[in-house]
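What follows is one structure encoded as structure tokens, with my remarks underneath.
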Amino acid sequence: MAAPLLEIQGLKTFFFTRKGVVKAVDGVDLSLNEGETLGLVGESGCGKTVTALSIMRLISEPIGRITEGSINFEGKDLVAATESEMRKIRGNRISMIFQEPMTSLNPVLKVGDQISEAIQLHQDVSKKEAWDRSIEMLRLVGIPSPESRVNEYPHQMSGGMRQRVMIGMALSCHPKLMIADEPTTALDVTIQAQILDLINRLKERVGSAILLITHNLGVVAEVAQYVGVMYAGYIVEYADVITLFKEPRHPYTVGLFQSIPKKKGSAKRERLQAIPGLVPDLLELPKGCKFQDRCSRVFQRCREEAPLLLKLNGSHQVRCWLYE
Amino acid sequence: MEKVEALVELKKNKTAMAGLILICFLLILALIGPWISPHPPLVPDPINRLKGPSWSHPFGTDSLGRDILSRVIYGSRISIIIGLIAVSISLVPGTILGLLSGFYGRKVDEPIMRGMDIMLAFPAILLAIFITAILGPSLLNTMIAVGIVYIPHYARIVRSSVLSLKEQLFVQAVRSLGGSNLRIIFLHIFPNTIPPIIVYATLGMGTAVLQAAALGFLGLGAQPPTPEWGAMLSEGRQYIQNAPHVAAFPGIAIFMLVLGFNLFGDGLRDILDPSLR
Amino acid sequence: MNEEILIIQRLKKYYPIRRGFFAQEPVLVKAVDGVDLTIRRGETLGLVGESGCGKSTLGRLILRLEDPDEGTITFEGENILSFDDDQLRKFRRNIQIIFQDPYSSLNPRKKVDFIIGEPLAIHGLARGKELEERVVELMKVVGLRAEQRFLYPHQFSGGQRQRIGIARALALQPKLVIADEPVSSLDVSIQAQIVNLLLDLQSEFGLTYLFISHDLNLIEYVSDWVAVMYLGKTVEWANQEVIYDHPIHPYSEALFSAVPTTDPLTKRKRILLEGDVPSPINPPSGCRFHTRCPLRIDFCEKEEPLLNKRPNGSLVACHVR
């Protein structure tokens, strides 16, 4: 099998704040093949967004820094890449879409100009060609009558339309990898369904690999082929989507599934199985497993030794001493 | 909690600390003035007129032979008091007008803010001259004039923070509990407007001192023989050619005090305004 | 069946907005435009709909934070819209709200004991030692420790802040609690803690909930009855089990089908709606939903459908079904 498109090993991104070192990403390993979709799930502060920003090398220095690890993309280590090399990769080989379609477009420029700019930054095309390509992209992402909407300003569009524009812009240079950070969180349910449907259709047509970051397990189930579950800075479980949803192994993943309200069963209003306690303070992480204080199956070893990512069958991996 | 955190932040902020040291230095000088000044500030000494700096008169003497160092030390009391009183005169009505205007909107807001706009349309110093001209030149009237001139600034700052605060959910929450408007304004909104007011008041101290000095310079403020820095500066102007020290030392004093307040105010802004962190 | 505690009929609220400097007539945003609802004592009515459908405005109207333009709100048999200031103050004790955002709903400069004790102080129900005891008791009820009352809100996590908000809402022993997206700003694992708390409180104190949320899984879990709103109107209102199994209104049907499943194997048959929610400034004529409806007929554009009872007990506003 060919080398993976993206391979992250032992990535650590720390923030050196006045209050101490925040270990936002603390040893992330993951790999993604061409054309695959990987969902990265976790709660706020688990490091999923920082992982994505590390790949883009958009960590705001000097407060934040990648302190260890490598990010191999198309055979090149992005951690060691210079800023000018990164500029050629960003928006071109790797593109990113953000959660807030309201603020991620410039309000004073026409959407056509914004897409054209992205195209002309990376490709040697005339203004006219870039404009035509912009219309093409808008058509691709399902915006009706793109010839006229290309002339509109962001505020003339709804949230769903703007997110389509963002996706069109992200795909305009045919990136190998698209990172989508909570792309549907700010949208309504029926619009979210439209966007997820669009992403699924584009996956087949464009062939970009997708790194989908979300807190919503339902969104992952709809779109992703593989899933990584993050907790307090590292991946605690990784598997293909069906295995993960059918046989979650890590107590945190199991807890997440149990805390989602499901269809009422036989007994009315069976209590939800909540995970007790709070996410640990990234400034004062416990020794050993980071989930120990909230885990119902904790034992002596968990408090002494940080668990390693253990291989189960196939691609399934879990960071828990229960499975050694 | 917050107070302790703010103090820790303050110690780390070099700008604020530099300003604080300057202010404290001048404040101590003002407090212990009578014991450390080498000569009485008001007693003329016709033999030693316009003498340059020497061991007995480190800052030299003025046109009446009075010791400039002593006058500058006594002047610090006057300037600091001017700053405090003038700022209180603008701060209290300014804050109340801003709270009412921002909270009630429209019918209350329009007349208040248009009035403030008219006041702002005059150059500050001109307005102050106008007010002192009506009230008559004296130190107290200087403070009143400078105070009145800056009312609109406080009203505007408070109003704009009230406008955003009253949309906050916690205000709606109190309303849905049955809380009255007065309760909301004074118990809930007002405490949240304090940080910007403190910052602006600190910066305003410097401006007030400067304005009062300018009025003193124009002869509209403190009357002779009061050792007010602006008036001293104005007097020294006549001798700038052959005895520049007469104007220089009060000038430096004004500069230090105003700089102190400005540095401290800027530092406070960084500490108290979480959006700038 | 329990007695009806709150009845809302034909409720309307329009907001005028000025467009441009010289516009003669203000344009109206029809935020709530004909809502009918009934809530029964001790039960939970789930209110669903997308952003801009008017569900939060409806909450504000029930609390009488704003006055409606038309329609009636009856609480325990009394018309609350006719209350004078004095009656209104007393009435406020009966209905309380839990807000979505536990950050901006707590005054950052007040300690927790002040925040939780404030409703009691406003209504003069307790003071001094007694007030403190009540605050401690309320904190215990929502799972906070007594010594935490001297802390400021920013020293708490989102979930704990929401507990503070719940304690404040419970202080006056309300009969009806409006929960406006109470968990949607919290992390999944914390959401479950808060939902459990709300349900425990309901059975302990016999509370009635109006539960507003866009999370349809959650609404299904907590509700006895569900009302679906679209552009300021109730389009369907039914028993929870009935509406989740057999939604009748085409909008309800599409809405429920759009929820992402947590089972990757059963790809649900999804009804994708065309386009976006129209603006409430100039809502479509006739049936509001006709611009996006897969079943529309010409008549939908002309005549506004009214809520009427279907064989399974649901109330639905649709010409076609």
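Protein chains in written order, with this note's numbering: chain A, 1 to 324; chain B, 325 to 601; chain C, 602 to 922. We treat Cβ as the ideally placed atom computed from N, Cα and C, and that holds for glycine.
Minimum Cβ-Cβ distance from residue i to chain A less than 8 Å
i        : result
C:Pro865 : yes
C:Tyr810 : no
C:Glu821 : yes
C:Asp877 : yes
Short CB-CB distance (under 8 Å) between residue i and chain C
i        : result
A:Asn200 : no
A:Arg271 : yes
A:Leu105 : no
B:Ala546 : no
A:Pro261 : yes
B:Ser484 : no
B:Val498 : yes
B:Gly429 : no
B:Gln562 : no
A:Asp26  : no
B:Gly343 : no
Per-residue burial, residue i [other beta carbons within 10 Å of its own, 16 or more giving buried]
i        : result
B:Gly545 : buried
B:Ser414 : buried
A:Arg133 : buried
B:Pro358 : exposed
B:Val367 : exposed
C:Glu875 : exposed
A:Leu308 : exposed
A:Arg57  : buried
B:Phe579 : exposed
A:Gln300 : exposed
A:Phe14  : buried
B:Phe454 : exposed
Neighbourhood of residue i by C-beta, 6 Å cutoff - its chain only, sequence neighbours within 5 removed
i        : result
B:Leu489 : Ile513, Asn516
B:Gly384 : Lys375, Gly376, Pro377, Ile392, His569
C:Phe900 : His920
A:Val229 : Val41, Val236, Glu237, Thr253
B:Leu587 : Thr339, Ala342, Gly343
B:Phe541 : Gly554, Leu557, Ser558
B:Pro476 : Met440, Met443, Leu444
C:Tyr845 : Glu821
A:Ala3   : none
Beta-carbon proximity list for residue i, same chain, < 7 Å, skipping 5 on both sides
i        : result
C:Leu808 : Val778, Leu802
C:Gly653 : Val878, Pro881
B:Val582 : Gly530, Val533, Leu534
C:Ala855 : Ile872, Leu874
Cβ of residue i within 8 Å of any chain B Cβ
i        : result
C:Pro906 : no
C:Glu604 : no
C:Arg710 : yes
C:Ser853 : no
Same chain, Cβ closer than 8 Å to residue i, five either side skipped, listed in chain order
i        : result
B:Ile522 : Leu592, Leu596
B:Asp590 : Thr339, Ala340, Gly343, Leu527
When the Cβ atoms of the stretch 655 to 672 of chain C are set against those of the stretch 606 to 614 of chain C, are three or more pairs found closer than 8 Å?
-> Note that the stretch 655 to 672 of chain C touches the stretch 606 to 614 of chain C; at least 3 beta-carbon pairs, one per stretch, sit closer than 8 Å.
Quick one, which residues of the stretch 167 to 192 of chain A are near chain C if we go by CB-CB under 8 Å, in chain order?
-> Asp188, Val189, Thr190, Ile191, Gln192
Decide yes or no for the touch test of the stretch 36 to 55 of chain A against the stretch 64 to 84 of chain A: beta carbon pairs closer than 8 Å, at least 3 of them.
-> yes
Are the stretch 435 to 446 of chain B and the stretch 470 to 488 of chain B in contact at 8 Å, needing three or more beta carbon pairs?
-> Short answer: they touch.
Taking Cβ-Cβ distances below 8 Å as the criterion, which residues of the stretch 785 to 803 of chain C are in contact with chain A?
-> Asp788, Val789, Ser790, Ile791, Gln792, Ala793, Gln794, Val796, Asn797, Leu800
Residues of the stretch 219 to 239 of chain A with a CB closer than 7 Å to any CB of chain C: list them in chain order, please.
-> Val219, Ala221, Glu222
Going along the chain, which residues of the stretch 745 to 762 of chain C sit with their C-beta nearer than 9 Å to a C-beta in chain A?
-> Result list: Ser758, Gly759, Gly760, Gln761.
Would you be able to state if there are at least three C-beta pairs under 8 Å between the stretch 827 to 843 of chain C and the stretch 674 to 692 of chain C?
-> no
Take every Cβ of the stretch 200 to 211 of chain A, pair it with every Cβ of the stretch 169 to 180 of chain A, and state whether three or more of those distances are shorter than 8 Å.
-> Two segments are said to touch when three or more pairs of C-beta atoms, one from each, lie closer than 8 Å; by this definition the stretch 200 to 211 of chain A touches the stretch 169 to 180 of chain A.
Report yes or no: do three or more beta-carbon pairs, one from the stretch 780 to 788 of chain C and one from the stretch 725 to 734 of chain C, lie closer than 8 Å?
-> no
May I ask you to verify whether the stretch 681 to 691 of chain C touches the stretch 848 to 863 of chain C, counting CB pairs closer than 8 Å and requiring at least 3?
-> As far as the Cβ criterion goes, the stretch 681 to 691 of chain C does not touch the stretch 848 to 863 of chain C, which means the pair count is below three.
Name the residues in the stretch 508 to 538 of chain B whose C-beta lies less than 7 Å from a C-beta of chain C; which are they?
-> His512, Pro515, Asn516
Contact between the stretch 416 to 428 of chain B and the stretch 393 to 404 of chain B (3+ Cβ pairs under 8 Å) | no
For the stretch 421 to 448 of chain B, which residues have a beta carbon sitting closer than 8 Å to at least one beta carbon of chain C?
-> For the stretch 421 to 448 of chain B, there are no residues whose beta carbon sits under 8 Å from a beta carbon of chain C.
Between the stretch 719 to 742 of chain C and chain B, which residues of the former have a C-beta closer than 7 Å to a C-beta of the latter?
-> Glu719, Pro720, Ile723, His724
Mind listing which residues of the stretch 690 to 702 of chain C have their C-beta closer than 9 Å to chain B's C-betas, in chain order?
-> Arg690, Lys691, Phe692, Arg693, Arg694, Ile696, Gln697, Ile698, Phe700, Gln701, Asp702
Quick one, which residues of the stretch 458 to 473 of chain B are near chain C if we go by CB-CB under 8 Å, in chain order?
-> none
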